[in-house]
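As structure tokens, the structure follows; a few thoughts come after it.
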Amino acid sequence: MLSRPLRLAVAGSLGASAAALAMHCSPTGAGEHDLFGWRLGTSFRGRLQPSLVCANMNTASAETFGARIIDGKRIAEEIRSEVRVGVADLERDHSTRPGLAVVLVGNRTDSSTYVRMKKRAADEVGFYSIDRHFDESVSQQQLLQCVRELNDDPKVHGILVQLPLPKHIDEAAVLEAIKVSKDVDGFSAENIGNMCLRGGKPPLAVPCTPAGCVELLQRSGVEVRGKEVVVLGRSNIVGMPVAHLLQSMDATVTVCHSRTTSIETHVRRADIVVAAIGRAEMVPGDWIKPGATVIDVGINSKAAPETKRGYRLCGDVHFESAKKVAGAITPVPGGVGPMTIAMLLKNTLNLARHSLNLPRVPLRQQRA
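Following my numbering, the numbering of the sequence shown begins with 329 at its first residue and continues without gaps.
Structure follows, in structure tokens:
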């Protein structure tokens, strides 16, 4: 089962910043499994169409005109539309409606907001939706019993326990009680292990934000195979899984972290930079290789007394300077953020299809 450090890392990732972020929001090699049960397939029910606003640019045009903006809101809506079609197909052909259960404890504003957003998104694509809301004083046994009931409910295909939980609850015990076949976040030890291993069974779900990064790259027409990729951050939530996903797509991946010396040197050579280090505007534009693609996962607040809120959201990359050099870049907000809930919906659809022994909706693009 998933270790306590990984589960607690998940908890730390899904608080206020998650709500803010989502709101603004060749064939595989020998011995290599087909990630998530696919063989680098095309998108569900149709060709994968790069978004016109997201096309990668060459070095000369990037230097002359600035980066194209990768529109995460638009791409997330494309994915939601595809999920809606998938839901309709399941209902028509198999009399099955994907079901997502969300368990919420207490009345934290950030958690409640995020849960409402998930429920609204689930309703929009036609999911069967279950909410279980408990008071802050709920016992661990009550929560475990709730998870057991949802595990046994054939109408529920994905279970999400909103974190953090109250201090008297053993989060690891509650989360580990979720069946792997209903682990919609993709963070169980079995799913993570299968994602990382070459060969063997594919994972049933892929962590949502890393999967969203892959979707952004592919639907923006960014070539990954053979490219130098630098991932800033080694968290269990983003850095580690996205590095493995990109490596499985034949990129050469370097992971930088708080103990890496001369991070700037690594970033300067990268064709693709995935910034998920959690430090506001840490990466200046002069670190970016001309024409590179920048995927900024960071969600930070920065003092802005001139605004009504007194702060503004920003990423880990200094957007204004980087967009003058990069070939393509995601904004914050409006880049990676909207993708997280979209990929949660896609995971739920895939788990429903898995329950029917149907092939899963592809993440990665077919190579000729």
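Think of the CB as a built atom: it goes at the ideal place given N, C-alpha and C, for glycine as much as any other residue.
Through-space distance from residue j to residue i, alpha-carbon basis
i	j	result
Asp614	Gly394	13 Å
Ala632	Pro612	19 Å
Cys541	His485	24 Å
Ile403	Pro494	35 Å
Val433	Ile623	33 Å
Lys555	Gly655	14 Å
Gly561	Arg607	10 Å
Asp438	Arg444	10 Å
Gly400	Gly662	5 Å
Gly549	Val534	21 Å
Arg425	Val411	12 Å
Val466	Ile497	9 Å
Ala521	Asn564	Note that residue 521 corresponds to Gly in the displayed sequence, not to Ala. So the two alpha carbons sit approximately 12 Å from each other.
Arg553	Pro618	19 Å
Glu504	Val566	20 Å
His585	Gln546	25 Å
Pro422	Leu684	Note that residue 422 is His in the sequence shown here, rather than Pro. Near 8 Å, if we compare the C-alpha coordinates of Leu684 and His422.
Glu405	Val453	11 Å
Met523	His682	16 Å
Thr658	Arg476	40 Å
Leu672	Glu551	25 Å
Ser629	Arg436	19 Å
Cys536	Pro569	10 Å
Ala449	Arg596	38 Å
Val689	Ser409	13 Å
Val583	Gln470	41 Å
Asp463	Ser590	48 Å
Proximity of residue i and residue j at Cβ, strictly below 9 Å
i	j	result
Ala539	Leu573	yes
Ile407	Lys674	yes
Lys510	Leu679	yes
Asp481	Ala429	yes
Ala670	Ile616	no
Leu677	Leu418	yes
Ile458	Asn479	no
Val667	Val645	Looking at the sequence shown, residue 667 is not Val but Met. Against a cut-off of 9 Å, the Cβ pair of Val645 and Met667 comes out as no contact.
Val502	Glu518	no
Simplified DSSP assignment, three categories, for residue i
i	result
Arg412	helix
His682	helix
Arg460	strand
Arg640	strand
Asp624	strand
Val512	coil
Arg420	helix
Glu543	helix
Arg596	helix
Counted within 10 angstroms of its Cβ, other Cβ atoms place residue i as buried (16 or more) or exposed
i	result
Asp451	exposed
Ala416	exposed
Glu592	exposed
Tyr442	buried
Leu641	buried
Gly638	exposed
Gly414	buried
Pro687	exposed
Gln490	buried
Glu499	buried
Ser516	buried
Gly706	An answer regarding residue 706 cannot be provided, because it is not within the stretch 329 to 696 covered by the chain.
Arg526	exposed
Arg420	exposed
Cys353	Caution is warranted here: a pLDDT of 45 is assigned to Cys353, below 50, making its placement in the model unreliable, and the coordinate value is therefore given only provisionally. Looking at its Cβ environment, which holds 16 or more other Cβ atoms inside 10 Å, Cys353 is buried.
Glu648	exposed
Glu543	buried
Arg396	buried
Cut-off 6 Å between Cβ atoms - residues of its own chain near residue i, not counting five sequence neighbours on either side
i	result
Leu349	Its pLDDT being 47, under 50, Leu349 is placed unreliably in this model, and the value from its coordinates should be taken loosely. Taken in chain order, the residues that qualify are Ile627 and Gly665.
Lys483	Gly427 and Tyr456
His461	Leu432
Beta-carbon contacts of residue i that lie in its chain and below 7 Å, excluding the five residues immediately before and after
i	result
Val581	Val557, Val559, Ala571, Leu574 and Gln575
Ala620	Ala598, Asp599, Ile600, Val601, Ala654 and Gly655
Lys447	Val430, Ser457 and Asp459
Ala388	Residue confidence for Ala388 is low, a pLDDT of 41 falling below 50, so the modelled location carries little weight; the figure read from the coordinates is stated next. Cβ neighbours of Ala388 beyond the five flanking positions: none.
Any non-hydrogen atom of the ligand SAM within 8 Å of residue i CB
i	result
Leu673	With respect to the ligand SAM, the structure shown offers nothing to examine, as it has no ligands at all.
Contacting residues, own chain, Cβ-Cβ under 8 Å from residue i (five flanking each side not counted)
i	result
Ala579	Val552, Arg553, Gly554, Lys555, Glu556, Val557 and Ile600
Gln715	Past the boundaries of the shown model lies residue 715; the chain is included only from 329 to 696, so the question cannot be answered.
His594	Val558, Thr582, Cys584 and Thr588
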